[in-house]
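>
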Amino acid sequence: MLGTLLRIDVSTLDTTGAYSIPPDNPFVGAADGSKEEIWAYGLRNPWKFSFDSLYGDLWAADVGQNKYEEINLIQSGGNYGWDTMEGFHCFEPSTGCDQTGLELPVFEYNNAGDDCSVTGGHLYRGRPNKGLYGAYVYADYCSGRLWALRYQGDAVVDQALLIDSNLTIPSFGVDEDQSLYILAFDGKIYRFVEPPLPDVPGLTQWGFILLAGLLILAAAWSGTRRSRAAA
Ligand SMILES: [Ca+2]
Ligand SMILES: [Ca+2]
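This note's numbering numbers the first residue of the sequence shown as 1137 and each following residue consecutively.
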């Protein structure tokens, strides 16, 4: 089931102990024999998906072939275009491709400079009423850049670079308070800290964020790692 996103129920097992298929999966009983596990398809190499903890929306970053990295909002039964399209662009064929029925990304960026491969993050729910709340935070694996975008209605209304780090970032995580963590190949976990901001929602706050950047607590985490190692 290459290029697909699957949805299975591991809490309801059949008599053989196998997982079950949620009855509202989009291809249950499909006449063409499509696998019933499939929730969405036409993905190339999704690198991290996550659910918005407030509304349940499913976000998935999809790594492009050569040129374009994608951020997608995944809908039931959606075809996300690979390999007819890469991002918003025809791929096979390179011009005049049939886009009928394809789900386009929410956002794309191209592999310019040292950007090479998107790492999907989370819809940030860490600090209600603060600047980043409700923005999707993601990174590029190669450049170490972290961005946030805000999606409203069916359009990206804001997109900003948060910091250009020196990290190689394969993934993100959240804790029970929805604080955001950055995993890096230097062997550390970084906590993402939004600096204190005025309670005015909107774009202008992101300028403050850019100035303040990430408050990196690597030392604290190194201490945690040491104490774990000693335990
Ligand atoms: Ca796509
Ligand atoms: Ca960098």
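All C-beta atoms in this analysis are idealised placements derived from N, C-alpha and C, irrespective of residue type, glycine included.
So, helix, strand or coil for M1221, using DSSP?
DSSP places M1221 in strand when its eight states are reduced to three.
> Spell out whether any CB of chain D is found under 7 Å from the CB atom of I1174.
No chain D appears in the structure shown, which is made up of a single protein chain.
> Which residues neighbour ligand 1 when neighbourhood means a C-beta less than 6 Å away from any of its non-hydrogen atoms? List them by chain order.
In chain order, the hits are D1198, E1206, Y1216, G1217, W1218, M1221 and P1241.
> Give the secondary structure of A1355 by DSSP, where H, G and I count as helix, E and B as strand, and everything else as coil.
Low confidence applies to A1355: its pLDDT is 40, below 50, so where it sits in the model is not reliable, and the reading given next is rough at best. Of the three classes helix, strand and coil, the one that applies to A1355 here is helix, per DSSP.
> Can you look up I1318 in the DSSP assignment and give me helix, strand or coil?
Strand.
> Since Y1272 and W1218 should fall inside the 8 Å C-beta cutoff, what is the C-beta to C-beta distance between them, to a whole number of angstroms?
Actually they do not touch by this definition, with Cβ atoms about 21 Å apart.
> In angstroms with no decimal places, state the Cα-to-Cα distance between Y1269 and R1261.
Taking the straight line joining both Cα atoms gives about 5 Å.
> Measure the C-alpha to C-alpha separation of E1222 and K1203 and round it to an integer number of angstroms.
One C-alpha to the other measures close to 8 Å.
> Using the beta-carbon count (16 or more within 10 Å), is E1206 buried or exposed?
Under this definition E1206 is a buried residue.
> Using DSSP with H/G/I as helix, E/B as strand and the rest coil, what is T1140?
Of the three classes helix, strand and coil, the one that applies to T1140 here is coil, per DSSP.
> From the DSSP output, which residues share a beta bridge with C1226?
In DSSP, C1226 forms a bridge with M1221.
> Would DSSP call L1149 helix, strand or coil?
It is coil, neither helix nor strand.
> Output yes or no for whether 7 Å exceeds the beta carbon distance between P1254 and A1197.
One detail in the question is off: residue 1254 reads as Val in this sequence, not Pro. Going by C-beta atoms, V1254 is nearer than 7 Å to A1197.
> Keeping to the same chain, check which residues put their C-beta closer than 8 Å to that of G1249; ignore five residues upstream and five downstream.
Cβ neighbours of G1249 beyond the five flanking positions: S1279.
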